[in-house]
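J.: Read top to bottom, the protein sequences are chains W and U.
Taking numbering that gives the first Met the number 0, the leading residue of the first sequence gets 0, the next gets one more, and so forth.
Taking numbering that gives the first Met the number 0, the leading residue of the second sequence gets 0, the next gets one more, and so forth.
Where a beta carbon is used, it is the ideal one built from N, C-alpha and C, also for glycine.
Following this message is one structure expressed as structure tokens.
2 protein chains.
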Amino acid sequence: MRLSRYFLPTLKENPAEAQIVSHRLMLRSGMIRQEAAGIYAWLPLGFRVLQNIEQIVREEMDRAGAIELLMPTLQLADLWRESGRYDAYGPEMLRIKDRHERELLYGPTNEEMITEIFRSYVKSYRNLPVNLYHTQWKFRDEQRPRFGVMRGREFLMKDAYSFDLDEAGARLSYNRMFVAYLRIFARLGLKAIPMRAETGPIGGDLSHEFIILAETGESGVFIDKNVLDLPVPGEDVDYDGDLTPIIKQWTDLYAATEDVHDAERFAREVPEERRVATRGIEVGQIFYFGTKYSQAMKAVVSGPDGVERPVHGGSYGVGVSRLVGGIIEASHDDNGIIWPEGVAPFKVGLVNLKVGDAEADAACNELYEKLTKAGVSVLYDDTDERAGAKFSNMDLIGLPWQLVVGPRGLKSGVVELKNRATGERIELSPEAALNKLTN
Amino acid sequence: MRLSRYFLPTLKENPAEAQIVSHRLMLRSGMIRQEAAGIYAWLPLGFRVLQNIEQIVREEMDRAGAIELLMPTLQLADLWRESGRYDAYGPEMLRIKDRHERELLYGPTNEEMITEIFRSYVKSYRNLPVNLYHTQWKFRDEQRPRFGVMRGREFLMKDAYSFDLDEAGARLSYNRMFVAYLRIFARLGLKAIPMRAETGPIGGDLSHEFIILAETGESGVFIDKNVLDLPVPGEDVDYDGDLTPIIKQWTDLYAATEDVHDAERFAREVPEERRVATRGIEVGQIFYFGTKYSQAMKAVVSGPDGVERPVHGGSYGVGVSRLVGGIIEASHDDNGIIWPEGVAPFKVGLVNLKVGDAEADAACNELYEKLTKAGVSVLYDDTDERAGAKFSNMDLIGLPWQLVVGPRGLKSGVVELKNRATGERIELSPEAALNKLTN
């Protein structure tokens, strides 16, 4: 993408309304624009990150055997009356009446709708297990939306729903999602730690939150430092095999949010030098809720014995739009964002130090064409801004690599390659730079 | 995808509520489920088609130089008061109040919001032209939603918005979208014909609808038969070059919907043997509306002379969810859907005639693995249904190729490959089948 033809409205000043660093950096780097309290437009740069996250989540859900569909944003109030949650949900639910005075709502989550879909088609244990997911915009009418996309009202969530004949099966489904979540967050460049959690309005008796560590996080967390070095399952993990050793490994070590922190157990189980008290941000949560919805909504299947019974369910959420902010909270410096490579809006920022100089233009054009052809995403700054402004802009938007091309370097046959995360700069030939960036 | 692990709830009976063939076939083939009047869940098979269409539209918009972003579904009522459309829009607009009694609406289109975004950042002609687009769910509260996804209430639309300094520039932007639309519909396997159209509530004085021909179409159309054989621009079309010859070629020949049909001109300009009266479905519409929104909303830029003036705009819509129905209306037979290859949910349906037979299972597994590895999408019917049911199911869901594997054929070293569109069947070796499907 040539910057001269792109739409990247970066801001020079720090926006006054932003209280936290991710919100500030997303506004400054032209990723989002607020359209109403807690409702954002995703400008081109922000949208690319959102899409990259959605795609990684999709690939890992598919790998774990979940099936993608897409439920609508609006739902019938009557559906929520079946589960009893229409009245229970409170003012966070956005309630709507259409032109015929029918009661609708903007879905804050989809347990009811997916249970309705499931019960309409699945009648026998032979069609189990099944795990259905979608990535769709949700709405929660927060009393006080804040922190940008971290606590918005209209937000993008991936939510998956598993259906099993019995609790034993449901726990296998739960474990598959547990492992898939480890993989998702690792691919997003995050250290996410599963922590035992309360179930809240979703219900049930088993739940884990996945928390990423960031000093600016919303809640205190207490962990055994060794949990940071646990291995994440590879892409060859066998989701049909026994996943309990992985689950055990990740849940044996102490890790708890302040809500459920047990100071005595922490002191007893964790040697002093491994005790870490820090802060974290919740980016996903998984639930096993048994027959809570299937009983209320009569989602039953016949078992091998011919007897009908309510299915056992779980639900599994990842906050896709929230993660954009979460990743920035976990990965930035004074100059701007530092994108992990898997989610970066572009892999390379190509900086032409002297647009209009025939040699610099030719070298940049060639690098741009070759990188693009090799499938490497490039944002090419071909504007006539001065060099200093181009550098700060590139640092601000945080692409993993900056490739800097100017007439002086070209005379000695070199360009400069800067690693945004480490700050390391090397001079090398354009060919060597291409080699490094395409391998 | 193995069918035994998929979620494909096909129906044996014709659903009584469906009045048109695409709605009937989408329900029967387990593509959608109605969740409320005009509001559908996209079941896995339907969602794959929706995604394929969205992706083709995206690729062609990008190729034409448009920039993708994503605006939210909910908008502030005040924004629509600026343009005067809040009161003008009528009962089709879904009006919402949040917990603080602020007035919101579910966006039926985005001229106001994109103009607000544009005016917030772009101040100079130097940043023009720009064309911004998104693919997002919209809501129009139709009095009587019907025909399935063809006239739903919650629907997916791609809408693009161009901004130019003057009318001449805006017409170039309009022409780019005109050409991009020719390419989009051709890649979707459709003959779409641009026809001069009324501008309606969007406003302006220049508009074309893109209409696909289908006997079941909603409106009568009259065309010069030669328009059916016009060449569609290739992917090497130069969007920075002169596109007027293409536009001229596509607009010189007579083509009109019944609303604007001029019987006298039709008789005068089109030789009798080339006059075709048939029916069509609108799948896209493009508008040039000048300064309608920029004047009302004060979206001005300074020109080369330093004088500020309102920008000239156009908007360009493709009905992504509507197209799923439209393609089926244009491409089906008595047995079911016939997907064009570009949008098919899977390219190949692999049918194992005798699951449990060691040879058949091994051959199917090998074909499945090899096709998948080659990047060919396959739905493998590995269930223990009888052969007849498998065949009708495959015909119903309409994948382009059926690859049929049974013990008897394997004894003579052959499998059967059926082309869904032509009905042609050939026997060939598994290797030859692989070759044919991967090239």
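Unbroken alpha helix (DSSP H) runs of length 4 or more, entirely within the stretch 215-283 of chain W: which are they?
T.: If we require 4 residues or more, the alpha helix (DSSP H) runs fully inside the stretch 215-283 of chain W come out as 243-251, 262-268.
J.: Between the C-alpha atoms of Met-352 of chain U and Trp-41 of chain U, what's the straight-line distance to the nearest angstrom?
T.: For clarity, residue 352 of chain U is Leu in the given sequence; the question names Met instead. Approximately 29 angstroms between the Cα atoms of the pair.
J.: Can you check whether the C-beta of Val-342 of chain W is within less than 8 angstroms of a C-beta belonging to chain U?
T.: Chain U, which has no Cβ nearer than 8 angstroms to the Cβ of Val-342 of chain W, makes this no.
J.: State buried or exposed for Asp-77 of chain W, treating a residue as buried only when at least 16 other CB atoms are found within 10 Å of its CB.
T.: Classification of Asp-77 of chain W: exposed, given that the 10 Å Cβ count is below 16.
J.: If we call anything under 8 angstroms between Cβ atoms a contact, is Val-282 of chain W one with Gly-313 of chain W?
T.: No, these two residues do not count as a Cβ contact at 8 angstroms.
J.: I think Tyr-238 of chain W touches Ala-63 of chain W, with their Cβ atoms under 8 angstroms apart; what is that distance to the nearest whole Å?
T.: Confirmed, about 5 angstroms.
J.: For Ser-82 of chain W, which three-state DSSP category applies?
T.: DSSP places Ser-82 of chain W in helix when its eight states are reduced to three.
J.: Taking the alpha carbon of Ile-54 of chain U as the reference point, which residue from U:Gln-135, U:Val-269, U:Met-70, U:Gln-18 has its own alpha carbon closest?
T.: Residue identity check: residue 54 of chain U is Gln in the sequence provided, not Ile. Closest option to Gln-54 of chain U, Cα to Cα, is U:Gln-135.
J.: I want to know whether the stretch 55-74 of chain W touches the stretch 105-116 of chain W - three or more CB-CB distances under 8 angstroms.
T.: Touching, per the Cβ criterion.
J.: How many Å lie between Glu-307 of chain W and Ser-293 of chain W at the Cα?
T.: Glu-307 of chain W and Ser-293 of chain W: Cα-Cα distance of roughly 12 angstroms.
J.: How many whole angstroms separate the CB atoms of Ala-276 of chain U and Arg-195 of chain U, which I take to be in contact at a CB cut-off of 8 angstroms?
T.: 17 angstroms between Cβ atoms; not a contact.
J.: According to DSSP, is Asp-204 of chain W helix, strand or coil?
T.: The answer is coil: DSSP assigns Asp-204 of chain W none of H, G, I, E or B.
J.: Cβ of Gly-325 of chain W less than 8 angstroms from any chain U Cβ?
T.: No, Gly-325 of chain W lies away from the interface with chain U (no Cβ there is under 8 angstroms from its Cβ).
J.: Use the C-beta contact count for Leu-10 of chain U: other C-beta atoms within 10 angstroms, 16 or more gives buried, fewer gives exposed.
T.: Counting Cβ neighbours within 10 Å, Leu-10 of chain U comes out exposed, since fewer than 16 surround it.
J.: Would you identify the three-state DSSP class for Tyr-315 of chain W, choosing helix, strand or coil?
T.: It is a strand residue.
J.: Which one of W:Val-319, W:Thr-421, W:Gly-355, W:Lys-372 has the shortest CA to CA distance from Leu-49 of chain W?
T.: Comparing Cα-Cα distances from Leu-49 of chain W to each of W:Val-319, W:Thr-421, W:Gly-355, W:Lys-372, the minimum goes to W:Val-319.
J.: Please list the segments of the alpha helix (DSSP H) lying wholly inside the stretch 374-422 of chain U, counting only runs of 4 or more residues, in order along the chain.
T.: Segments of the alpha helix (DSSP H) lying fully in the stretch 374-422 of chain U: 386-396, 406-410.
J.: Residues of chain W with CB under 7 angstroms from Glu-111 of chain U, in chain order?
T.: Result: empty, since nearest Cβ-Cβ is about 10 angstroms, beyond 7 angstroms.
J.: Please go through the same chain and pick out, in chain order, the residues whose beta-carbon is closer than 7 angstroms to the beta-carbon of Arg-321 of chain W, but skip the five residues on each side of it.
T.: Closer than 7 angstroms at Cβ, skipping near neighbours: Val-148, Met-149, Phe-154, Val-282.
J.: Quick one, are the C-beta atoms of Cys-363 of chain U and Val-403 of chain U less than 8 angstroms apart?
T.: Contact flag unset, no.
J.: Out of curiosity, what's the CA-to-CA distance linking Leu-104 of chain W and Gln-33 of chain U?
T.: Spanning the two alpha carbons is a distance of roughly 16 angstroms.
J.: What residues of chain W sit near Tyr-120 of chain U, judged by a beta carbon separation below 7 angstroms?
T.: Ordered by position in chain W, the residues that pass the 7 angstroms Cβ test against Tyr-120 of chain U are Pro-8.
J.: With a threshold of 8 angstroms between beta carbons, is Gln-74 of chain W in contact with chain U?
T.: It does; some Cβ of chain U falls within 8 angstroms.
J.: If the cut is a Cβ gap below 8 angstroms, which residues of chain U does Tyr-39 of chain W touch?
T.: Near Tyr-39 of chain W (Cβ distances below 8 angstroms), the residues of chain U are Pro-71.
J.: Please classify Arg-80 of chain W as buried or exposed, where buried requires at least 16 other C-beta atoms within 10 Å of its C-beta.
T.: Arg-80 of chain W comes out exposed.
J.: Applying the 10 Å Cβ sphere with the 16-neighbour rule, what's the burial state of Ala-373 of chain U?
T.: Under this definition Ala-373 of chain U is an exposed residue.
J.: Quick one: list the residues of chain U neighbouring Ile-66 of chain W, beta-carbon separation under 7 angstroms, in chain order.
T.: Per Cβ cutoff of 7 angstroms: Tyr-5, Phe-6, Pro-43.
J.: Helix, strand or coil: which one does DSSP assign to Tyr-367 of chain W?
T.: Of the three classes helix, strand and coil, the one that applies to Tyr-367 of chain W here is helix, per DSSP.
J.: For chain U, find out if any of its Cβ atoms is closer than 8 angstroms to the Cβ of Val-56 of chain W; answer yes or no.
T.: So, not an interface residue.
J.: Could you check where the beta strand (DSSP E) with Ile-31 of chain W kicks off and where it finishes?
T.: Its beta strand (DSSP E) spans residues 31-35.
J.: List, from N- to C-terminal side, the beta strand (DSSP E) runs of 3 residues or more that fit wholly inside the stretch 98-183 of chain W.
T.: Taking only runs of at least 3 residues, the beta strand (DSSP E) segments lying wholly in the stretch 98-183 of chain W are 102-105, 129-138, 153-163.
J.: Give me whichever residues DSSP pairs with Phe-209 of chain U in a beta bridge.
T.: DSSP output for Phe-209 of chain U lists U:Pro-193, U:Gly-283 as bridge partner(s).
J.: Going by C-alpha to C-alpha distance, which of U:Arg-27, U:Ile-52, U:Ala-386, U:Gln-401 sits closest to Val-375 of chain U?
T.: Minimum Cα distance to Val-375 of chain U is reached at U:Gln-401.
J.: Measuring only between beta-carbons, confirm whether Pro-90 of chain W sits less than 8 angstroms from chain U.
T.: At least one chain U Cβ lies under 8 angstroms of Pro-90 of chain W.
J.: Name the two residues that bound the continuous alpha helix (DSSP H) containing Pro-43 of chain U.
T.: Its alpha helix (DSSP H) spans residues 43-62.
J.: Report the neighbours of Trp-136 of chain U on chain W: residues whose CB is nearer than 8 angstroms to its CB, in chain order.
T.: Within chain W, the residues near Trp-136 of chain U are Pro-71, Thr-72, Trp-136.
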